[in-house]
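Student: Residue numbering for the sequence shown follows my numbering, beginning at 23 and increasing consecutively. Beta carbons are placed, not taken as given, at the ideal position from N, Cα and C, and that holds for glycine. This one's a predicted model, so the numbers in the text were calculated from it and none came from an experiment.
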Amino acid sequence: FWWEDINTDKSSNIWGWIIVARLTTRKCDDFVLCIATGKQGYKYEEDHLSRRSIYNYFVYGSGVINGEYVPERTLYNVKSHLYRKVEYIAQQDFYMIAFNVFDKEDADNWSGTIIDSSFTCNANNSHLLCLDGNPIVNGVELKRYSHSKLERNKHYDITMNGGVLAIFDKYK
Numbered sequence: 023f024w025w026e027d028i029n030t031d032k033s034s035n036i037w038g039w040i041i042v043a044r045l046t047t048r049k050c051d052d053f054v055l056c057i058a059t060g061k062q063g064y065k066y067e068e069d070h071l072s073r074r075s076i077y078n079y080f081v082y083g084s085g086v087i088n089g090e091y092v093p094e095r096t097l098y099n100v101k102s103h104l105y106r107k108v109e110y111i112a113q114q115d116f117y118m119i120a121f122n123v124f125d126k127e128d129a130d131n132w133s134g135t136i137i138d139s140s141f142t143c144n145a146n147n148s149h150l151l152c153l154d155g156n157p158i159v160n161g162v163e164l165k166r167y168s169h170s171k172l173e174r175n176k177h178y179d180i181t182m183n184g185g186v187l188a189i190f191d192k193y194k
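Here it is in structure tokens:
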């Protein structure tokens, strides 16, 4: 993994107070994670040309994307916003993880889901990602952002241990 700080953004709310958010990225082999943390009232705009996010997960907090409420602790499909300018407004202090594709044309080839029990991988190109906590997978304790490419037909024994895991499958 590598981290890149995109920026530390400062914007004002209606009272003129400075609202700060930190945006970073983590590049993986087949996808990029964008991590944003910030304060209630933070407003962020992203043009359709640079947008690559297809799923958002709020570890805590919530927000509104183009008028659509995105709740805490839910893997939220935001593919419908891929080709539009996006306005995000934080409803609370937040910590968000966004799953991004390298190529927008690939977006429909990906699916994501939260898992909470043991499973056998049935896809050819699947990735397991720890979104929060310390779940245990096949005897290995994970931490936030731990990820692994999964092997087809292999069984994965899961103990949630207060954690949150997601599987992202790429079909083409």
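Out of R95, M118, C152, which has the shortest C-alpha to C-alpha gap to Y66?
Tutor: Position 44 of the sequence shown, counted from the first residue, corresponds to residue 66. The residue with the shortest Cα to Cα distance from Y66 is M118.
Student: Any contact between the region 119-136 and the region 60-77? By contact I mean 3 or more CB pairs, one from each, below 8 Å.
Tutor: The answer is yes - the region 60-77 touches the region 119-136, with three or more Cβ pairs under 8 Å.
Student: What would DSSP say about E26, mapped onto helix, strand or coil?
Tutor: Mapped onto the sequence shown, residue 26 falls at position 4. Any reading at E26 needs caution, since the residue's pLDDT is 41, under 50, leaving its predicted position unreliable; the model's value is listed next. DSSP places E26 in strand when its eight states are reduced to three.
Student: With distances taken from CA atoms, which of G83, L55, K165 is nearest Q113?
Tutor: Translated into positions along the sequence shown, residue 113 becomes position 91. Ranking G83, L55, K165 by Cα distance to Q113 puts G83 first.
Student: By DSSP, does F80 sit in helix, in strand, or in coil?
Tutor: Along the sequence shown, read from residue 1 onward, the residue named residue 80 stands at position 58. In this structure, F80 counts as strand in the three-state DSSP scheme.
Student: In chain order, which continuous runs of the beta strand (DSSP E) of length 3 or greater are located wholly inside the region 71-123?
Tutor: For the region 71-123, whole beta strand (DSSP E) runs of length 3 or above, ordered along the chain, are 75-82, 85-87, 90-92, 97-99, 108-112, 116-122.
Student: Please list, in chain order, all residues of the same chain as Y110 whose beta carbon is under 6 Å from its beta carbon, the five residues on each side excluded.
Tutor: Taking the sequence shown and counting its residues from 1, one reaches residue 110 at position 88. So the list reads Y66, G85, I87, once near-sequence residues are dropped.
Student: DSSP has S133 in a bridge; who is on the other side?
Tutor: Looking up residue 133 in the sequence shown gives position 111. BP columns for S133 point to D191.
Student: Tell me which same chain residues have a C-beta within less than 7 Å of the C-beta of H70, skipping the five on either side of it?
Tutor: Locating residue 70 in the sequence shown gives position 48, where the first residue counts as 1. So the list reads Y105, R106, K107, once near-sequence residues are dropped.
Student: Provide the residue(s) that pair with F141 in DSSP beta bridges, ordered along the chain.
Tutor: Within the sequence shown, numbered from 1, the residue matching residue 141 stands at position 119. In the DSSP output, where bridge partners are listed per residue, F141 has Y178.
Student: Short check: CB of P157 to CB of T142, under 8 Å?
Tutor: The residue you call residue 157 lines up with position 135 of the sequence shown. The residue you call residue 142 lines up with position 120 of the sequence shown. No, Cβ-Cβ distance for P157 and T142 is not below 8 Å.
Student: Where do the N-terminal and C-terminal ends of the beta strand (DSSP E) with G60 fall, by residue?
Tutor: Locating residue 60 in the sequence shown gives position 38, counting from the first residue. G60 -> beta strand (DSSP E) spans 54-60.
Student: Under 6 Å Cβ to Cβ from V54, same chain only, skipping five residues before and after it: list those, please.
Tutor: To locate residue 54, count along the sequence shown from 1; it is residue 32. Hits under 6 Å: T47, N122.
Student: Restricting to Cα atoms, I'd like to know which of G60, D191, Y91 is closest to R137.
Tutor: Taking the sequence shown and counting its residues from 1, one reaches residue 137 at position 115. Note that residue 137 is Ile in the sequence shown, not Arg. Nearest C-alpha to I137: D191.
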